[in-house]
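Going by the working numbering, the sequence shown opens with residue 6, and the numbers climb by one from there.
C-beta atoms are modelled at their ideal positions from N, C-alpha and C, and glycine is treated no differently.
Owing to the predicted nature of the structure, the values given are computational and were not obtained by experimental measurement.
Here's the structure, in structure tokens; my notes come after.
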Amino acid sequence: MQIDNRTVLVTGASGGLGLEFAAQALDRGAAKVYAAARREIPLDDPRLAPIRLDVTDSDSIAAAASTASDVDILINNAGIISGSSLLESPMSEIRDVFETNVFGVLEMTRAFRPILAARGGGAVVDIASALSWIAMPGAYSPSKAALWGLTNSLRAELAGQGTQVLGAHLSYAATPMTVDVIDVPKLDPQAVVGIVLDALERGDDEIIVDDITAAVRASLSTNTTAALI
6 MQIDNRTVLV TGASGGLGLE FAAQALDRGA AKVYAAARRE IPLDDPRLAP
56 IRLDVTDSDS IAAAASTASD VDILINNAGI ISGSSLLESP MSEIRDVFET
106 NVFGVLEMTR AFRPILAARG GGAVVDIASA LSWIAMPGAY SPSKAALWGL
156 TNSLRAELAG QGTQVLGAHL SYAATPMTVD VIDVPKLDPQ AVVGIVLDAL
206 ERGDDEIIVD DITAAVRASL STNTTAALI
């Protein structure tokens, strides 16, 4: 999936990786980028189309799909960190994490599936984490583990319509979401996004962005898709 002359939609595009995805997609020649977020988007380019979107709200997702009916590439980037303890945090916080990081991705993909199919298949990019494969206290790690499984299953279901599904995994990036995470190395968002978009244009199914994540991934089986018997 080449980005040049394509239409891209990025969720969580008001800052961090999302804003960088929008900017770099434009740099790579995207005809239009829908920058979707709950807040204003600080980019000034005639090819940029801001959309107000809450990925935990079905009506908001439906409205976005109606407005952005020309999307070729969906980048599911929106995510939150909350619910620091599965046993002690309020259940509402834990549910919010899964609604955003897992069910929001699923509902966005379901909503844009017919749009991608009508435009030849297109692509879906899901932004996951090294914590997909490391058990940590709280809701974030299990939500990313669920996202990894979701991405693999969506890849199998979308293969018939020719949709590329790319899962991107990385350790901490230097974004507003990780500002309270201290004493750990953080990746440059510009470099992260460049690596992910390169993988998209190569046609990859999965991209491991950095050495820390690669070491974690290497400890697992490389067969993420079971054969159907």
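query: Identity of the residues DSSP links to THR16 by a beta bridge; result: ALA41
query: ILE78 and GLY127 closer than 9 Å at C-beta; result: yes
query: C-alpha gap between GLY154 and LYS37, whole angstroms; result: 30 Å
query: Straight-line gap, SER87 to ALA133 (C-alpha atoms, nearest Å); result: 16 Å
query: Length-filtered (4 minimum) alpha helix (DSSP H) runs lying within the stretch 114-186; result: 145-163
query: Segment limits, beta strand (DSSP E) that includes PRO55; result: 53-57
query: Among LEU136, ALA42, ARG115, ARG124, nearest to ALA178 - alpha-carbon criterion; result: LEU136
query: Whether ARG33 touches ARG43 by CB criterion (9 Å); result: no
query: 9 Å Cβ cutoff met for LEU22 and PRO194; result: yes
query: Proximity winner among ASP215, LEU202, ASP216, THR16, relative to GLU112 (alpha-carbon distances); result: THR16
query: Boundaries of the alpha helix (DSSP H) in which GLU104 is found, first to last residue; result: GLU104 -> no alpha helix (DSSP H), and no H or E assigned at all.
query: Among ASP49, SER19, ALA35, nearest to GLU206 - alpha-carbon criterion; result: ALA35
query: Distance, GLU104 Cα to ASN81 Cα; result: 13 Å
query: Backbone CA spacing between ASP9 and ARG160 [nearest angstrom]; result: 23 Å
query: For GLU211: DSSP bridge partner residues; result: GLY172
query: Distance, ALA40 Cα to MET6 Cα; result: 19 Å
query: Neighbourhood of VAL102 by C-beta distance below 7 Å, restricted to the same chain and skipping five residues each side; result: ILE85, SER87, GLY88, ALA144, TYR145, SER148
query: Helix, strand or coil at LEU22 [DSSP, three-state]; result: helix
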